[in-house]
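Q: Sending over a structure as structure tokens; questions will come in a sec.
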Amino acid sequence: MTLDARLVDPLDALHLPREGGAFRVGLVVPQSGPLGLTGPSALDGALLAAHEINTRGGIHGRPLDLVLVDGGGAPRPVAAEVRRLLDAGALDALAGCHTSDVHRAVETVAAGRIAYIYTPPHEGGTRRPGVLCTGTDPSGQLGIAVTELTQRHKIRGWALIGNDYIWPRSVHRAAAALATRAGARIVLERRIPFGAVQPAVEPLLDELRTARAGALLLSLIGRDLVHFNRALRRSGLDRRLVRLSGALEENGLLALGGDDTGTLYAAMPSFATLAEEPRQLLGERHRALCGPWAPVLDAYAVGLYDGLQLLAALADRHALEPHGLARAAGQLLHGAPRIVHLARAEGLGFTVLPPLHAR
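Using the UniProt record's numbering, the letters of the sequence shown correspond one by one to residues 1 to 359.
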């Protein structure tokens with residue numbers, strides 16, 4: 001099977017004519033930076049969606065092309081690249097998965113001008129016209145996980161360690177409220193700049209020992225999350241602490257080398273959380289198009305796949321106008337809240353756990 005989808009370089013999008021009058025979607029995906037290890041999977045998810053949309057006839061008879069913007073840089077340069085493309089009329093829509101600080105910067109240049117679908121878990125709050133978040137906010141993401149782990153493992157104290165930007169701050173606020181309602185308390189909270197985990201890790205491990213936390217919520221992302229989990233393993237704290245992450249997906253677990261403690265959990269809508277039949281069919285289509293050695297499908301890949309399919313459905317309804325986007329999307333999605341189920345790392349994969357009250 002041949003992949004019917006094209007990636008376009010931003011410079012080509014600025015200076016070359018569109019082949020076949022293509023409908024161009026700016027795809028803002030990290031190819032570098034803290035989330036760079038997730039980029040290949042996310043790109044595969046987007047390419048799979050673009051292929052399926054094109055085999056159905058594209059967007060109103062126009063082929064769908066993806067203009068790849070590296071979303072792994074600092075917020076301002078990424079937003080500046082998006083602004084250049086928008087000012088040149090080179091994009092018809094935007095989709096992406098990247099950190100929330102990049103998202104907020106891109107939002108400022110895209111709002112009111114174009115439909116922009118942002119697919120990962122996000123920090124919550126309001127959005128400007130034309131900006132649609134299809135992921136979950138911290139309360140929706142952690143609501144089941146923090147409560148169930150506190151009860152299951154009889155946790156009395158939680159530690160919170162994350163990167164220092166908008167999403168972990170919101171995650172920590174939500175986690176503190178959820179832990180308190182579940183009868184636990186926060187005994188330690190630390191936030192670390194991107195890339196600073198390795199020099200800070202030993203003092204952090206000492207603080208964890210002193211705080212005597214029973215559980216650790218990690219809102220570190222990408223490579224920082226991998227580095228910290230490796231440090232926990234070397235110290236032996238991985239077997240003393242229940243660990244929960246809102247950003248651990250298949251790539252991060254593979255980079256960690258898997259986990260056999262039985263106490264590493266993810267509250268991330270990963271590939272594993274799809275129902276069995278859709279998961280199997282999506283995996284089969286991915287392998288048929290991208291080959292057996294393609295990157296694993298993960299939460300970012302599935303989110304972008306769904307986001308681009310939603311974008312195509314909105315286009316079919318002529319509903320991409322920024323000021324009506326949220327209402328039109330709500331009609332398609334039926335306004336149903338997304339529930340993130342708790343998954344436990346087992347070896348190199350995840351097993352989704354049923355709620356406590358269901359067992």
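Note that the Cβ used here is the ideal one computed from N, Cα and C, for glycine as well.
Which word fits histidine 357, buried or exposed, when buried means at least 16 other C-beta atoms lie within 10 angstroms of its C-beta?
A: Mapped onto the sequence shown, residue 357 falls at position 357. Note that histidine 357 has pLDDT 49, beneath the 50 cutoff, so the model's placement of it is unreliable and the number below is only indicative. Label assigned to histidine 357: exposed.
Q: Let me make sure I understand the geometry here. Which of Arg230, Ala88, Val146 has the alpha-carbon closest to that of proline 138?
A: Here residue 138 refers to the residue found at position 138 when the sequence shown is read from its first residue. Checking every option, the nearest Cα to that of proline 138 belongs to Val146.
Q: Is isoleucine 117 helix, strand or coil when you go by DSSP?
A: Counting from 1 along the sequence shown, the entry for residue 117 is found at position 117. Three-state DSSP puts isoleucine 117 in a strand.
Q: Out of curiosity, what's the CA-to-CA distance linking alanine 174 and glutamine 280?
A: Stepping through the sequence shown from its first residue, residue 174 is reached at position 174. Stepping through the sequence shown from its first residue, residue 280 is reached at position 280. So the two alpha carbons sit approximately 33 Å from each other.
Q: Report yes or no: is there a C-beta of chain C within less than 9 Å of the C-beta of alanine 145?
A: Structure shown: chain C not included; a single protein chain is present.
Q: Which value, in whole angstroms, describes the spacing of the CA atoms of leucine 232 and methionine 268?
A: As a first step, residue 232 is located in the sequence shown; it is residue number 232 there, counting from the start. As a first step, residue 268 is located in the sequence shown; it is residue number 268 there, counting from the start. Answer to the nearest angstrom: the Cα atoms are 20 Å apart.
Q: So what's glutamate 346 in DSSP terms, helix, strand or just coil?
A: Residue numbering aside, residue 346 sits at position 346 when the sequence shown is read from its first letter. Looking at glutamate 346 - three-state DSSP - the assignment turns out to be strand.
Q: Would you check if the stretch 31-38 and the stretch 245-261 touch, i.e. whether three or more CB-CB distances between them fall below 8 Å?
A: Because the criterion of three Cβ pairs below 8 Å is met, the stretch 245-261 and the stretch 31-38 touch.
Q: If you reduce the DSSP assignment to three classes, tell me which class serine 219 lands in.
A: The sequence position of residue 219 within the sequence shown is 219, counting from 1. In the structure shown, serine 219 sits in a strand (DSSP, three-state: E or B).
Q: Contact defined as beta carbons within less than 8 Å: I believe leucine 320 pairs with alanine 115. What is the distance between those atoms, to the nearest angstrom?
A: In the sequence shown, residue 320 corresponds to position 320, counting from 1. In the sequence shown, residue 115 corresponds to position 115, counting from 1. About 4 Å separates the two Cβ atoms, so the contact holds.
Q: Verify whether the separation of the beta carbon atoms of valine 67 and aspartate 9 is less than 9 Å.
A: Your numbering for residue 67 matches position 67 in the sequence shown. Your numbering for residue 9 matches position 9 in the sequence shown. The answer is yes: Cβ separation under 9 Å.
Q: Skipping 5 residues on each side, what residues in its chain have a beta carbon closer than 6 Å to that of leucine 64?
A: Taking the first residue of the sequence shown as position 1, residue 64 is located at position 64. So the list reads Phe23, Ala50, Ile53, Asn54, Gly58, once near-sequence residues are dropped.
Q: Where histidine 15 and arginine 113 are concerned, what is the direct C-alpha to C-alpha distance, given to the nearest angstrom?
A: The residue labelled residue 15 in the question sits at position 15 within the sequence shown. The residue labelled residue 113 in the question sits at position 113 within the sequence shown. The straight-line gap from Cα to Cα measures roughly 21 Å.
Q: Can the beta-carbon of arginine 62 be found less than 9 Å from the beta-carbon of glycine 21?
A: As a position in the sequence shown, residue 62 is number 62, starting the count at 1. As a position in the sequence shown, residue 21 is number 21, starting the count at 1. Closer than 9 Å, so yes.
Q: Exposed or buried, glutamate 202, counting other C-beta atoms within 10 Å across all chains shown (16 or more means buried)?
A: Position 202 of the sequence shown, counted from the start, is the residue given in the question as residue 202. Exposed.
Q: So which of Ala329, Thr150, Asp44 has the shortest CA-CA distance to arginine 286?
A: For the purposes of this step, residue 286 is identified with residue 286 of the sequence shown, where counting begins at 1. Strictly speaking, residue 286 in this sequence is histidine, with arginine absent from that position. For histidine 286, the nearest C-alpha among the options comes from Asp44.
Q: From the DSSP output, read off the bridge partner residues of aspartate 259.
A: In the sequence shown, the residue the question calls residue 259 occupies position 259. Aspartate 259 pairs with Gly347.
Q: Is cysteine 97 helix, strand or coil when you go by DSSP?
A: Mapped onto the sequence shown, residue 97 falls at position 97. Correct three-state label for cysteine 97: coil.
Q: Please state whether the Cβ-Cβ distance between alanine 345 and glycine 283 is less than 9 Å.
A: What you label residue 345 is simply residue 345 of the sequence shown in a count that begins at 1. What you label residue 283 is simply residue 283 of the sequence shown in a count that begins at 1. Contact: no.
Q: When we look at the beta-carbon of arginine 359 and count the other beta-carbons within 10 Å, is it buried (16 or more) or exposed?
A: Counted from its first residue, the sequence shown places residue 359 at position 359. Only weak support is given to the placement of arginine 359: the predicted model assigns it a pLDDT of 40, under 50, and the value that follows is read from those uncertain coordinates. It counts as exposed.
Q: Would the stretch 118-125 count as touching the stretch 88-105 if we require 3 or more Cβ pairs under 8 Å?
A: Yes, the stretch 118-125 is in contact with the stretch 88-105.
Q: Which residue marks the beginning of the alpha helix (DSSP H) containing arginine 152, and which one marks its end?
A: Here residue 152 corresponds to residue number 152 of the sequence shown, with the count starting at 1. First-last of the alpha helix (DSSP H) with arginine 152: 138-152.
Q: Going by the C-beta, is leucine 66 closer than 8 Å to any heavy atom of the ligand FMN?
A: Because no ligand of any kind appears in the structure shown, any question about the ligand FMN cannot be addressed here.
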